[in-house]
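K.L.:
Number 240 in our numbering belongs to position 236 of the sequence shown; there are no gaps in the numbering. Using N, Cα and C, we set each Cβ at its ideal position, and we do this for glycine too. No experiment lies behind these values; they were computed from the predicted model shown.
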Amino acid sequence: MNLIICTTPLQTLLAKEIVKNYEDEKFYGILFSNHFSEKVDRYFNLFGVLCNILNKIYCKSSIKLVCLILYYKIRFFNKKFDKIFVANIENILIQSIISSLKFNELITFDDGTANILKNSMLYQNNESWKLKFIKFIFMIDHDINTLKDISSLHYTIYDMDNIIKNTKRISIFKFNNSVGNALNGVLKICLGQRLYDDDTKNVDLFKKIIDKYNIDYYLPHPKESFVVDGVKYYNSDLIFEDIICNELNNYKEIYVYTIYSSAIINILGENRIHPVSIQVEGFEKESELMRKFDILVEKL
């Protein structure tokens, strides 16, 4: 049996495609998130049906996390899996589980754009003394670097350098390349972000973007605490990438406006989708990052 661990909706989409490559093999799935939402739960359930054994966990507190580490230390004591599939190699629970197990092969897959952004947590190994102490107490002997070293293969949706050299491309977004009988012309969506601690500044910024570009829908970030008036909110239990895939059936072209949301990197390469990054004072480095991906950057 194989073990596969996911922590986000995007990861479940990759995992679904990965499992197709091992049709004759059984999977033990652990779906773990630090918060509950209908959207996350929906994607967890969709992937869960592919697993022979499933653990679905929502853990908000550090105390519960410690309990989970202890639980899997006992649950997987002397347990052996053939293959282990993970994305979040920086996650202490995942490091603990792998440290507790015997296995033949470790295979990694994308956590998202963190895999291709060289300043992300997947390229850092700066563990605090508190974390090192916890890992010592619980005998967790793996870290980011050791897991990279033993990973034999990495599944990715990006045609770029990744955390290890041996990569295999998979496709998880089924873009409709044909205009066909699309009912409408152009759809304009603005992706929200919480850039400032002062919510008034966030609202003012996005109102300017909405007015300047005649935005049709505003898609808020899950962690937003503000409301932008004067625009329709796009309410859906789908993640951004799936929303865009669906809307390509309804519109000939889609313009996606953002400050620097990394989600738009996941939709690059489809000629009917036009990502636009809005340059904002104080976020020049983020704008430069967008340019590196050949994303159009415009000043507000």
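1) Between the alpha carbons of Q283 and K216, how many angstroms are there, rounded?
2) What span of residues does the beta strand (DSSP E) with Q283 cover, start to end?
3) Between which two residues does the alpha helix (DSSP H) holding Y76 run?
4) Looking only at DSSP bridge pairs, what is T112 linked to?
5) Between the Cα of S132 and the Cα atoms of D165, K106, I96, which residue gives the shortest distance?
6) Can you grab the Cα-Cα spacing for the pair K83 / L105, in whole Å?
7) Taking the C-alpha atoms as reference points, what is the distance between I73 and S100?
8) Label G116 either buried or exposed according to how many other C-beta atoms from any shown protein chain fall within 10 Å of its C-beta, with 16 as the threshold for buried.
9) Roughly how many angstroms separate the alpha carbons of F107 and K24, rounded to a whole number?
10) Mapping the DSSP letters down to three states, classify L305 as helix, strand or coil.
11) For the candidate residues K60, G189, L187, S229, whose alpha-carbon lies nearest to that of T204?
12) Quick check: what's the CA-CA separation for S281 versus S66?
13) Thinking C-beta only, is C63 closer than 8 Å to F36?
14) Starting from C55, follow its DSSP beta bridges and name the residues at the other end.
15) How do the stretch 36-47 and the stretch 12-24 stand: do at least 3 beta-carbon pairs fall below 8 Å, yes or no?
P.N.:
Answer, in terms of the structure:
1) Along the sequence shown, read from residue 1 onward, the residue named residue 283 stands at position 279. Along the sequence shown, read from residue 1 onward, the residue named residue 216 stands at position 212. If I take the Cα positions, the gap works out to 14 Å.
2) Reading the sequence shown from its first residue, position 279 is the one you call residue 283. Start and end: 277-283.
3) For this step, residue 76 is matched to residue 72 along the sequence shown. From DSSP, the alpha helix (DSSP H) with Y76 extends over 66-79.
4) In the sequence shown, counting from the first residue as 1, residue 112 sits at position 108. V90, H158, per the DSSP bridge assignment.
5) Numbered from its first residue, the sequence shown carries residue 132 at position 128. Considering only alpha carbons, the answer is I96.
6) Along the sequence shown, one-based indexing puts residue 83 at 79. Along the sequence shown, one-based indexing puts residue 105 at 101. If I take the Cα positions, the gap works out to 6 Å.
7) Mapped onto the sequence shown, residue 73 falls at position 69. Mapped onto the sequence shown, residue 100 falls at position 96. The alpha-carbon atoms of I73 and S100 are separated by roughly 6 Å.
8) Residue mapping note: residue 116 aligns to position 112 of the sequence shown, counting from 1. Label assigned to G116: buried.
9) Within the sequence shown, residue 107 is the residue found at index 103, counting from 1. Within the sequence shown, residue 24 is the residue found at index 20, counting from 1. Straight-line Cα distance between these residues: approximately 21 Å.
10) It is not possible to answer for residue 305, since the shown part of the chain is limited to 5 through 304.
11) One-based indexing of the sequence shown puts residue 204 at position 200. The shortest C-alpha separation from T204 is found at S229.
12) Position 277 of the sequence shown, counted from the start, is the residue given in the question as residue 281. Position 62 of the sequence shown, counted from the start, is the residue given in the question as residue 66. Going from the Cα of S281 to the Cα of S66 covers about 36 Å.
13) Working through the sequence shown from its first residue, we reach residue 36 at position 32. Working through the sequence shown from its first residue, we reach residue 63 at position 59. Contact flag set, yes.
14) Here the question's residue 55 lines up with position 51 in the sequence shown. DSSP, once it has assigned bridges, lists no residue as partnering C55.
15) yes
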